[in-house]
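Protein chains: 2
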Amino acid sequence: MQLRMTNQREIILRELKKSRQHLSADELYDKVKKYMPRISLATVYRNLEILSEAGFIGKLEISGRQKRFDYDVTEHDHVYCAVCHRVDNLNIERQGLHTREIKSVKGYSVTGYRLEIVGICPACQKKAKQEKKK
Amino acid sequence: MQLRMTNQREIILRELKKSRQHLSADELYDKVKKYMPRISLATVYRNLEILSEAGFIGKLEISGRQKRFDYDVTEHDHVYCAVCHRVDNLNIERQGLHTREIKSVKGYSVTGYRLEIVGICPACQKKAKQEKKK
DNA sequence: TTAGTTTTAATAATCGTTATTATTTATGGA
DNA sequence: TCCATAAATAATAACGATTATTAAAACTAA
Numbered sequence: 000m001q002l003r004m005t006n007q008r009e010i011i012l013r014e015l016k017k018s019r020q021h022l023s024a025d026e027l028y029d030k031v032k033k034y035m036p037r038i039s040l041a042t043v044y045r046n047l048e049i050l051s052e053a054g055f056i057g058k059l060e061i062s063g064r065q066k067r068f069d070y071d072v073t074e075h076d077h078v079y080c081a082v083c084h085r086v087d088n089l090n091i092e093r094q095g096l097h098t099r100e101i102k103s104v105k106g107y108s109v110t111g112y113r114l115e116i117v118g119i120c121p122a123c124q125k126k127a128k129q130e131k132k133k
Numbered sequence: 000m001q002l003r004m005t006n007q008r009e010i011i012l013r014e015l016k017k018s019r020q021h022l023s024a025d026e027l028y029d030k031v032k033k034y035m036p037r038i039s040l041a042t043v044y045r046n047l048e049i050l051s052e053a054g055f056i057g058k059l060e061i062s063g064r065q066k067r068f069d070y071d072v073t074e075h076d077h078v079y080c081a082v083c084h085r086v087d088n089l090n091i092e093r094q095g096l097h098t099r100e101i102k103s104v105k106g107y108s109v110t111g112y113r114l115e116i117v118g119i120c121p122a123c124q125k126k127a128k129q130e131k132k133k
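The following block contains the structure:
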């Protein structure tokens, strides 16, 4: 795990942590450009991959959409908004998921699982209500 | 839910159910082409969308990969192989996921959730073993 | 039968991401 | 310090999956 912390990586990492959101590569690209106007989008993609590989950040592959990256590397699940695709961290009890049956299903050797709660975020609920009034 | 069952839709639906697998649009396109050589890939995509919208089939959006479609519309979860991306149906107990806390997290109005067990399928485990021997 | 609607095939366009490549930047000895 | 080489970068082309466009064909209902 010899990872050279280049300027680009440092700023990418810093901006992700600073945002405290689950940003996509291009959202992060916009933020990083303010400090490094000449950085390339491919560099952002490549380094997000490298940083998540090295365990500095988490990679979120949510339901067929754009990948998002997570500033929080501790074990947790996610809620995501079906309307605006915002993602939030979640710390629900994982009990009932550590049962024997999950350890080996259908002959698979199980390495983990992904739990996504799907819903509508507060902001989108509010918007929907206001739409109704019209 | 007035859905005209065209020949194209009929055959797409039939081939998906026949396969009893979680096929992607292009895999299904290959199968359907045998009966309708002139069908267009876009037609397959469009009708898979329509059929899943109407509840005839399920749509699987697994972790950043190609969408797959499910012949089984009853409520269930999935295991998928991290190596070959094969997907299998699963009927594990959903207890511990119907708790109060899940109903409303972080102000979200919860509509559902997706649980993916990740692992290595029997075929890929076997392959890995044979690789080791060499 | 005909006018209007829906669906289709063919294909262009788009979106997110990865690959290529020439250039720049760092690194580790002589 | 200088040089060789290794790694990382910016720019951009290419890619794979999916969606949009459009003109033609197939239905449907008066």
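Chain order of the listed sequences is E and D.
Per numbering that gives the first Met the number 0, the first sequence starts with residue 0, numbered consecutively.
Per numbering that gives the first Met the number 0, the second sequence starts with residue 0, numbered consecutively.
Here a beta-carbon is modelled for each residue, glycine too, at the ideal position from N, C-alpha and C.
For K105(E), the secondary structure class from DSSP, reduced to helix, strand or coil, is coil.
Judged by DSSP secondary structure, Y79(D) falls within the beta strand (DSSP E) whose first and last residues are 76–80. Within the model, the alpha-carbon separation for N6(E) versus M35(E) is close to 9 Å. Judged by DSSP secondary structure, N6(E) falls within the alpha helix (DSSP H) whose first and last residues are 6–18.
For S51(D), no chain E residue has a C-beta closer than 7 Å to its own C-beta; the minimum C-beta separation is roughly 12 Å. Contacts with chain D at 7 Å (Cβ-Cβ) include T110(E). Here the C-alpha atom of I38(E) lies approximately 6 Å from the C-alpha atom of K32(E).
Between the C-alpha atoms of E60(E) and G118(E) there is a straight-line separation of about 17 Å. Look at the region 111–125 of chain E: the residues with a C-beta under 8 Å from a C-beta of chain D are G111, Y112, R113, L114, E115, I116, V117, G118, I119, C120, P121, Q124.
For the pair I11(E) and V109(D), the Cα-to-Cα distance works out to about 32 Å.
Burial check for G106(D): the Cβ neighbour count within 10 Å stays below 16, so the residue is exposed. Under the three-state reduction of DSSP output, V72(E) falls in the coil class, being neither helix nor strand.
The beta carbon of Y107(E) sits closer than 7 Å to some beta carbon of chain D.
Counting only runs that start and end inside the region 25–55 of chain E, the alpha helix (DSSP H) elements of at least 4 residues fall at 40–52.
Per the Cβ contact rule, the region 14–32 of chain D is in contact with the region 43–57 of chain D (3 or more Cβ pairs under 8 Å). Identification of chain D residues near A81(E) by a Cβ-Cβ cut-off of 7 Å yields T110, ordered along the chain. A direct Cα-Cα distance of roughly 16 Å separates N90(E) from Q20(E). Looking at the DSSP output, S23(D) sits in no beta bridge, so it has no partner there. Residue state for K126(E) is assigned as helix, using DSSP reduced to three classes.
In this model, R45(E) and S51(E) are separated by some 10 Å (Cα to Cα). Counting only Cβ-Cβ distances below 8 Å, L89(D) has contacts in chain E at V104, K105, in chain order.
For the 7 Å CB-CB criterion, D87(E) and V78(E) form a contact. At the C-beta level, R85(E) and S23(E) stay beyond 7 Å of one another. If you ignore the 5 residues before and after Q65(D), its C-beta comes within less than 6 Å of the C-beta of S23, all in its own chain and listed in chain order. DSSP places K131(E) within a helical segment (H, G or I) once states are collapsed to three.
Across the structure, Q129(D) and C83(D) are spaced so that their CA atoms are roughly 16 Å apart.
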